[in-house]
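Visitor: Sending over a structure as structure tokens; questions will come in a sec.
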């Protein structure tokens with residue numbers, strides 16, 4: 001395993017700058033997985049919240065891939081990372097230090113530096129993910145956290161959201177169009193005029209034509225489907241669960257969307273849904289359900305955020321394995337020729 | 001093969017009367033398939049339109065089953081019969097005389113005598129079908145036939161529909177609730193405010209819990225699904241094709257509904273749809289498509305009426321085979337005991 005260099009990017013803000021050493025070291029056969037967080041300085045309970053890393057590994061390290069992960073503050077990046085780590089066999093704990101995130105290093109996720117904002121950074125990425133929480137849900141979440149748990153006033157919450165907007169709109173939001181997968185979190189449509197933000201409609205927007213990434217689908221690839229699994233074989237409590245699948249255009253890209261509205265009450269609902277999704281890249285039947293149950297205490301484990309984060313984790317593992325296999329094949333092919 | 005007795009019922013109207021001989025002859029092991037048409041005296045081009053039959057076969061004939069078929073005038077009974085005959089290997093021609101409909105006699109369909117109206121007649125039936133054309137579509141069809149082709153006035157068409165209503169509402173319509181399968185024909189919902197009656201939304205309403213009849217479903221039995229097959233893998237011309245599947249309550253009965261809105265333009269659309277329907281009771285992949293193409297000149301071969309008539313034909317063949325097999329098993333079991 002080649003030695004990796006960790007660049008602290010604690011002071012980096014909106015200006016994207018890649019240390020020269022990383023640019024020269026990173027080529028097809030030396031790709032790693034790097035995390036770039038899009039977090040800015042903000043209140044955060046975790047002590048490592050303002051640490052940013054840029055990690056480069058030397059030539060010969062063909063066991064790592066590079067993933068970009070972008071999201072606004074408080075939008076579930078760390079939960080996503082814990083799910084991803086768990087899928088790769090890690091402890092699913094928040095990383096204390098990036099290079100130790102997954103041992104042996106397989107996936108380096110770029111979380112900082114606005115990974116999909118700058119084209120030079122985008123070129124480093126094997127895959128990119130954007131966690132997109134709609135304003136309504138973001139507001140409901142902040143009310144819950146900052147008002148109910150921390151005693152902030154409604155006015156101060158509104159002001160803090162307004163203060164973040166210019167930065168969000170200039171640097172974070174534009175990354176969506178470059179993401180290979182977007183997890184979009186919206187208010188439910190199962191309850192008319194719901195604004196509690198407790199029941200969520202979550203959309204997994206998957207870019208078509210991405211190498212090593214085959215989008216998840218429901219029943220019939222390429223068609224348009226809505227599915228209410230709750231019925232004769234499966235009963236769900238109010239307001240039920242509704243899925244949607246279909247081709248769409250998203251920010252000018254051809255995508256396939258899988259959508260879940262509602263939440264799981266019981267294990268049988270989860271496994272039933274898993275059994276009807278195709279292209280999950282799971283290693284065994286029920287792996288998604290197993291992962292979701294293993295981390296039932298994580299936020300969103302009973303709804304589409306947990307489901308789609310877990311699925312994206314499986315897709316990244318699959319991507320990793322395909323890339324590593326293709327790198328291994330090249331010398332074999334050369335030897336045979 | 002036991003000799004069959006044919007009772008002419010030409011004079012029978014709304015009073016249901018079963019000749020005594022048939023009631024005494026018809027038992028579980030002597031069931032046949034009988035046609036009872038619900039046609040009344042009305043203008044009809046076919047010379048045999050006013051002939052009604054009640055057919056009974058003697059004991060020992062275990063190769064026939066009894067089907068009831070009800071519909072208002074001009075609602076597709078003869079087309080359905082031709083499709084059914086074709087599925088059973090017949091010539092798919094309008095029957096010249098009922099006992100010769102299918103050789104060797106397998107299915108005797110009761111078309112007259114309002115088969116599901118009288119409980120004594122219902123008891124004879126192994127399976128019952130109602131062809132339900134909505135008033136809007138019926139009107140559009142009559143306009144087409146009586147006005148465009150026969151030169152009748154709009155007023156006379158309206159008057160003839162009105163004249164039929166009391167009889168229809170008293171004797172024909174009430175049979176729906178007893179039918180094991182209803183094929184309901186409605187205006188399309190793909191084109192807003194369409195009243196041309198050319199593009200149809202057709203629903204196959206299948207009663208649950210009917211012995212030897214396992215309802216056709218789409219993708220996931222017992223759930224609720226809408227499916228637009230036209231997309232990346234299949235392209236369809238305007239206004240497209242839309243399917244629905246789900247559990248419902250119909251006239252107090254628990255049913256499963258499969259619905260098709262739109263029409264087929266090309267073979268690949270038909271085979272694609274067939275490949276995604278389950279429980280079709282076909283003998284080989286593509287049998288529904290083959291039957292539809294074989295009779296492409298029949299009315300409704302490009303839409304849900306043809307599709308569901310063909311499917312009901314397959315289900316009746318399956319029912320026939322199961323019933324005949326169960327009759328054959330009984331003496332074997334007795335010998336073994």
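Protein chains in written order, with the UniProt record's numbering: chain A, 1 to 337; chain B, 1 to 337.
For every residue, glycine included, the Cβ atom is placed at its ideal position computed from N, Cα and C.
Any chance you could list the beta strand (DSSP E) runs of at least 3 consecutive residues sitting entirely within the stretch 204 to 251 of chain A, in chain order?
Guide: Runs found: 224 to 228 and 241 to 250.
Visitor: Tell me the DSSP bridge mates of residue 263 of chain B?
Guide: Partner(s): B:303.
Visitor: Let me make sure I understand the geometry here. Which of B:130, B:203, B:228 and B:271 has the alpha-carbon closest to that of residue 72 of chain B?
Guide: Comparing Cα-Cα distances from residue 72 of chain B to each of B:130, B:203, B:228 and B:271, the minimum goes to B:130.
Visitor: Just to make sure I have the definition right: I need the residues of chain A whose C-beta is within less than 7 Å of the C-beta of residue 276 of chain B. Which are they?
Guide: By Cβ distance, chain A contributes 220.
Visitor: Measure the CB-CB distance between residue 182 of chain B and residue 110 of chain B and report whether it falls below 8 Å.
Guide: No, the Cβ-Cβ distance between residue 182 of chain B and residue 110 of chain B is not below 8 Å.
Visitor: Just to confirm my understanding: we take residue 42 of chain A, look at its own chain, exclude 5 residues before and 5 after, and list those with CB closer than 7 Å. What are they?
Guide: Only weak support exists for where residue 42 of chain A lies, its pLDDT of 35 falling under 50; the coordinates are left without a value.
Visitor: Measuring CB to CB, does residue 154 of chain A end up less than 8 Å from residue 68 of chain A?
Guide: Not closer than 8 Å, so no.
Visitor: How about residue 249 of chain B: is its C-beta nearer than 8 Å to some C-beta of chain A?
Guide: Chain A, which has no Cβ nearer than 8 Å to the Cβ of residue 249 of chain B, makes this no.
Visitor: Mind checking if residue 229 of chain B is an interface residue toward chain A, Cβ cutoff 8 Å exclusive?
Guide: Yes - at least one Cβ of chain A is within 8 Å of the one on residue 229 of chain B.
Visitor: Give the straight-line distance between the Cα atoms of residue 306 of chain B and residue 296 of chain B, rounded to the nearest whole angstrom.
Guide: Rounded to the nearest angstrom, the two C-alpha atoms are 9 Å apart.
Visitor: Check the DSSP bridge columns for residue 70 of chain A and list the partner residues they point to.
Guide: Answer by DSSP bridge pairing, in chain order: A:130.
Visitor: Who are the Cβ neighbours of residue 210 of chain A in its own chain at under 6 Å, not counting the five residues just before and after it?
Guide: Within the same chain, residue 210 of chain A has close Cβ partners 180.
Visitor: Which of the three DSSP states, helix, strand or coil, is assigned to residue 201 of chain A?
Guide: Residue state, collapsed to three classes: strand.
Visitor: Does the distance from the CB of residue 197 of chain A to the CB of residue 140 of chain A come in under 8 Å?
Guide: Yes, they are a contact pair.
Visitor: Is any beta-carbon of chain B found at less than 8 Å from that of residue 226 of chain A?
Guide: Chain B contact via Cβ: present.
Visitor: Measure from the C-beta of residue 280 of chain A to each C-beta in chain B and report whether the shortest distance is under 8 Å.
Guide: By this cut-off, residue 280 of chain A is not an interface position.
Visitor: Could you tell me which of B:162, B:326, B:328 and B:281 sits nearest to residue 308 of chain B, measuring between CA atoms?
Guide: Comparing Cα positions, the closest option is B:281.
Visitor: Using only the alpha-carbon positions, how far apart do residue 267 of chain B and residue 229 of chain B sit?
Guide: Straight-line Cα distance between these residues: approximately 14 Å.
Visitor: Which word fits residue 238 of chain B, buried or exposed, when buried means at least 16 other C-beta atoms lie within 10 angstroms of its C-beta?
Guide: Burial call: exposed.
Visitor: I'd like the span of the beta strand (DSSP E) that includes residue 181 of chain A, first residue to last.
Guide: Run containing residue 181 of chain A: 181 to 187, per the beta strand (DSSP E) assignment.
Visitor: On the three-state DSSP scale, how would you describe residue 270 of chain A?
Guide: Three-state DSSP puts residue 270 of chain A in a helix.
Visitor: In the structure shown, what three-state DSSP assignment does residue 324 of chain B receive?
Guide: Residue state, collapsed to three classes: helix.
Visitor: Look at the alpha carbon of residue 121 of chain B and the alpha carbon of residue 283 of chain A, and state the distance between them as a whole number of angstroms.
Guide: Going by the C-alpha atoms only, they are around 57 Å apart.
Visitor: Let me know if residue 329 of chain B comes out buried or exposed under the rule of 16 or more other beta-carbons within 10 Å of its beta-carbon.
Guide: Exposed, by the Cβ-count rule.
Visitor: May I have the straight-line CA-CA distance separating residue 236 of chain B from residue 177 of chain B, to the nearest angstrom?
Guide: Looking at the two C-alpha atoms, the distance is approximately 35 Å.
Visitor: For residue 223 of chain A, go through chain B and note every residue whose CB falls closer than 8 Å to its CB, in chain order.
Guide: Simply 227, 228, 229, 230, 231, 232, 233 and 234.
Visitor: What first and last residue would you give for the alpha helix (DSSP H) that runs through residue 120 of chain A?
Guide: Where residue 120 of chain A is concerned, the enclosing alpha helix (DSSP H) stretches over 119 to 122.
Visitor: Taking residue 234 of chain B and residue 272 of chain B to be in contact with their CB atoms under 8 Å, please state how far apart those CB atoms are, rounded to whole angstroms.
Guide: Indeed they touch by this definition, with Cβ atoms about 5 Å apart.
Visitor: Taking its Cβ as the centre, do 16 or more other Cβ atoms sit within 10 Å of residue 302 of chain A, making it buried, or is it exposed?
Guide: Buried, by the Cβ-count rule.
Visitor: Using a cut-off of 9 Å between C-beta atoms, extract the partners of residue 246 of chain B located in chain A.
Guide: Going along chain A in sequence order, the residues near residue 246 of chain B (Cβ under 9 Å) are 228 and 231.
Visitor: Residue 79 of chain A and residue 299 of chain A: beta carbons closer than 8 Å?
Guide: Against a cut-off of 8 Å, the Cβ pair of residue 299 of chain A and residue 79 of chain A comes out as a contact.
Visitor: Determine which residues share a DSSP beta bridge with residue 257 of chain A and list them.
Guide: For residue 257 of chain A, which the question treats as bridged, DSSP gives the partners A:205 and A:246.
Visitor: Hey, quick one: how far does the alpha helix (DSSP H) through residue 157 of chain B stretch, first residue to last?
Guide: Unbroken alpha helix (DSSP H) run through residue 157 of chain B: 154 to 167.
Visitor: Can you pull the DSSP bridge partners for residue 277 of chain A?
Guide: Bridge partners of residue 277 of chain A: A:218.
Visitor: Taking only the alpha-carbon atoms, compute the straight-line gap between residue 171 of chain B and residue 248 of chain B and give it to the nearest angstrom.
Guide: Rounded to whole angstroms, residue 171 of chain B to residue 248 of chain B spans 25 Å at the Cα level.
Visitor: Quick one: measure Cβ to Cβ for residue 269 of chain A and residue 243 of chain A, integer angstroms, because I've assumed they're closer than 8 Å.
Guide: At roughly 12 Å, the Cβ-Cβ gap does not stay under 8 Å, so residue 269 of chain A and residue 243 of chain A are not in contact.
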